[in-house]
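Down below is the structure, laid out as C-alpha cells.
Protein chains: 2
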Amino acid sequence: MSEGSVSDKTVARLSLYRRLLSDLLNQGIRNVYSHQLASAAGVTAAQVRRDMMAVGYSGTPVRGYSVPDLIESIGNLLDSAQAQSAALAGLGNLGRAITAYFAGRRPKLAIVAAFDNDPYKVGRVINEVECFHINDLGPIVEQRNIRVAILTVPASEAQQVADMLVRAGVKGVLNFAPVRLRVPPDVYVENMDMAVCLEKVAFFARQGRTTAEAPS
Amino acid sequence: MSEGSVSDKTVARLSLYRRLLSDLLNQGIRNVYSHQLASAAGVTAAQVRRDMMAVGYSGTPVRGYSVPDLIESIGNLLDSAQAQSAALAGLGNLGRAITAYFAGRRPKLAIVAAFDNDPYKVGRVINEVECFHINDLGPIVEQRNIRVAILTVPASEAQQVADMLVRAGVKGVLNFAPVRLRVPPDVYVENMDMAVCLEKVAFFARQGRTTAEAPS
DNA sequence: ACAACATCGTTACAGATTTCACAATATCGA
DNA sequence: TCGATATTGTGAAATCTGTAACGATGTTGT
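Keeping their order, the protein sequence lines are chains A and B.
Under my numbering, read the first sequence as residues 1 to 216, first letter to last.
Under my numbering, read the second sequence as residues 217 to 432, first letter to last.
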C-alpha cells in the first residue's frame, strides 16, 4: 500500500522477484542476498536493493533478505487486499494456452470467466474456467466485479470487445491482439505484441546486440 | 542498414509503425502526418519524428510522409537483405497459436520449422510449418541456417531446449517460458512474461494509473 | 568483548529516453 | 509570383531509469 508512484518497470521486476523467491522457497532456501536474486533475475544487485526501497522491506547485513518475509512484503505491495478476478475474452489456441498457464497459480488473481462466440464452448469448463457466450460478457463482468481482462480475440474484433469490457467496468486490459486499443484514460492497457517482439529479436539477433533486458 | 545503435524501444516502435502504415496503405491512404501516425500508435508526434531520424527517411512539410516510401525505408532498417528464418520449439496451445498468428504474414521473417517431443505431431504440417522431433533440432537448425527461435516449451524444459538452440547457432530467442534463460552474451533474449504482465495490469488497474505505454 | 567482514540502504551521479520549441521549408491559393 | 500556413527536422531541456559509491550495521569467530 502507500506509495502511489511505483514505476512500471519496478512493478514488473517485483513480480519477477516474487516468482523467483517462490522457487527458492520451494527448494528450502530461506535467505537470499541481493546479488543472488539479481543474478537470477538478470539485473544488477544495486537494482534489486533499489527496488526493495519501493517495497519498504529491509534485509539485514550479512544475512541478506528473508525469503518468506520478502515474498509477503512484495505481496503487500502488488496484491490487492481482497482477491482480484480476471476475465478472458477469446478462447482460441492462445486463450486456452493462457487459461492453462494461470490455472491455480495465484489465488489472489485468478481467471474466473471466459468468453467466446463459439456456442460449442459455451457452458463448458476449460482449465477450471467457466465459459460464457460473449453476449453475456457485460452482465457477468459487472456482477462479479471484474476489473481485469485478457483480450485474445482476433484483431478484427478486439476494439469492439474492449469497448464491451470497458463499459462493464474493466480498468486494466492485457491485450494480445495486434491492434492499439482506444480506451478511456483511466483504463490501463498493456500490449503483448508478438509480431513486434519477434521483429525485435530478429533485428538484434542479426546485429549481435548483447544481453537481454527488463521483463515485459 | 548503417546505424549500429538503434535503441530497443525505437526498433519496437518502428515495427509497430510499419504495421500501422500497411493498414493505412490497404485503406488507400498514401500520405500521413507525424501526428496521425502518433495517434494511431499511442505516442507523441515528436516521438514519431525522432524515430524517423533513426530510419533516415525524410518527409516533406505540408504533405507529411509518403506511406509506401516510409514502409520501404523502415523495412530497409528492420529487415535483413536475405529472408530470415525462425524456428519454434514447443507445439502446445501456445505454439500453435503463434504459428497461426505468423502464417504467411512476413515473407522476410517466417517460421519454417517447429519442434516437439510428441511423436504424433512429428511429420505433420501445422499452419504451413513442418513439424520435427525435438531430437532433430540441432541438425535442422544448423542446415537451414536458422538464427531466430521462439520458445514455447514448458518451463521445466526451457533451459535445456535453449541450450540446444544456442548450440545450433541461434542468436535471438523470443522466450515465452516463465524462466530466465542463461545464454552466452552474444545471444539476444526477449522475454514475453505473461504472468508478470498480468500482475502489472492488475496492479495499475487497481491504482487507476492512466494511459498505456510503449510496445513490447 | 571486540575486531573483521560482507552486506544493506541511500544518496549522488550518469546515461538513456522523451518532450519541447523553433527555424526551415514545401505547398496551396490568390 | 508571392504570402500564408501547417508541417518537418533537430538542438536543447527535462524527465525517467539504472549504476556506482560509501557510511551504517548485524554477524561471526576468537
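Think of the CB as a built atom: it goes at the ideal place given N, C-alpha and C, for glycine as much as any other residue.
Spatial neighbours of residue 431 of chain B in its chain, beta-carbon cut-off 6 angstroms, leaving aside the 5 residues before and after:
Note on residue 431 of chain B: pLDDT 47, under 50, position unreliable in the model; no value is reported.
Can you confirm whether residue 347 of chain B, when its beta carbon is compared against all beta carbons of chain A, has any partner nearer than 8 angstroms?
So no, residue 347 of chain B is outside the interface.
From which residue to which residue does the beta strand (DSSP E) around residue 112 of chain A run?
109-116 is the span of the beta strand (DSSP E), which, as asked, contains residue 112 of chain A.
Does DSSP put residue 319 of chain B in a helix, a strand or coil?
coil
Any 3 or more C-beta pairs closer than 8 angstroms across the stretch 401-408 of chain B and the stretch 183-203 of chain A:
yes
Extent of the continuous alpha helix (DSSP H) to which residue 227 of chain B belongs
224-242
In the DSSP assignment, what are the bridge partners of residue 137 of chain A?
Answer by DSSP bridge pairing: none, since residue 137 of chain A is not bridged.
From which residue to which residue does the alpha helix (DSSP H) around residue 411 of chain B run?
410-423
In its own chain, which residues sit with a C-beta less than 6 angstroms from the C-beta of residue 101 of chain A, not counting the 5 before and 5 after it?
none
Amino acids of chain B, ordered along the chain, whose beta-carbon sits closer than 8 angstroms to that of residue 200 of chain A:
Below the 8 angstroms Cβ cutoff, chain B contributes 224, 227, 228, 231, 406, 432 as neighbours of residue 200 of chain A, in chain order.
Cβ neighbours of residue 32 of chain A in the same chain (closer than 8 angstroms, five flanking residues each side left out):
21, 24, 64, 65, 67, 70
Would DSSP call residue 344 of chain B helix, strand or coil?
coil
Between residue 115 of chain A and residue 158 of chain A, is the Cβ-Cβ spacing less than 8 angstroms?
Cβ atoms of residue 115 of chain A and residue 158 of chain A: not closer than 8 angstroms.
Which chain A residues sit within Cβ distance under 7 angstroms of residue 388 of chain B?
201, 202, 204, 205
Assigned secondary structure, residue 397 of chain B (DSSP; H/G/I helix, E/B strand, else coil)
DSSP, reduced to helix, strand and coil, places residue 397 of chain B outside both helices and strands of the structure shown, so it counts as coil.
Taking the alpha carbon of residue 371 of chain B as the point to measure from, which residue in A/110, A/19, A/166 has its own alpha carbon closest?
A/19
Let me know the secondary structure DSSP gives residue 391 of chain B once reduced to three states.
strand
Roughly how many angstroms lie between the CA atoms of residue 14 of chain A and residue 104 of chain A, to the nearest whole one?
20 angstroms
Could you say which of B/225, B/366, B/351 lies nearest to residue 194 of chain A if we only look at CA atoms?
B/366
Put residue 365 of chain B into one of helix, strand or coil per three-state DSSP.
strand
Assign residue 242 of chain B to buried or exposed, taking buried as 16 or more other Cβ atoms, counted over all protein chains shown, within 10 Å of its Cβ.
exposed
Listed from N- to C-terminal order along the chain, which residues in the stretch 276-307 of chain B have their beta-carbon within a distance smaller than 9 angstroms of any beta-carbon of chain A?
293, 294, 295, 296, 300, 302
Can you check which of these residues, B/299, B/347, B/354, B/361, is closest to residue 379 of chain B by C-alpha distance?
Nearest of B/299, B/347, B/354, B/361 to residue 379 of chain B, Cα basis: B/354.
Any C-beta of chain B sitting closer than 8 angstroms to the C-beta of residue 49 of chain A?
no
Go to residue 88 of chain A, then tell me how far its beta strand (DSSP E) extends in each direction, as first and last residue.
From DSSP, the beta strand (DSSP E) with residue 88 of chain A extends over 84-89.
Just to make sure I have the definition right: I need the residues of chain A whose C-beta is within less than 8 angstroms of the C-beta of residue 325 of chain B. Which are they?
Residue 325 of chain B reaches chain A at 198, 199, 202, counting residues in chain order whose Cβ is nearer than 8 angstroms.
Rounded to the nearest angstrom, how far is the Cβ of residue 74 of chain A from that of residue 48 of chain A, given a contact under 8 angstroms?
Not really, about 12 angstroms apart at Cβ, beyond 8 angstroms.
Heavy atom of the ligand ADP less than 7 angstroms from the Cβ of residue 209 of chain A, yes or no?
Summarising the ligand content, the structure contains no ligands, and the ligand ADP is consequently not present.
Check the Cβ-Cβ distances between residue 145 of chain A and every residue of chain B, and say whether any is below 8 angstroms.
no
Please report the residue range of the alpha helix (DSSP H) in which residue 189 of chain A lies.
Taken as a continuous stretch (DSSP letters only), residue 189 of chain A belongs to no alpha helix (DSSP H), being part of the beta strand (DSSP E) at 188-191.
First and last residue of the uninterrupted alpha helix (DSSP H) at residue 34 of chain A
34-41
Of all the options B/393, B/381, B/305, B/421, which has the alpha carbon lying nearest to the alpha carbon of residue 184 of chain A?
B/421
Can you tell me where the alpha helix (DSSP H) holding residue 227 of chain A begins and where it ends?
Look at the range of chain A in this structure, 1 to 216, and you will see that residue 227 of chain A is not part of it.
Which of the three DSSP states, helix, strand or coil, is assigned to residue 282 of chain B?
strand
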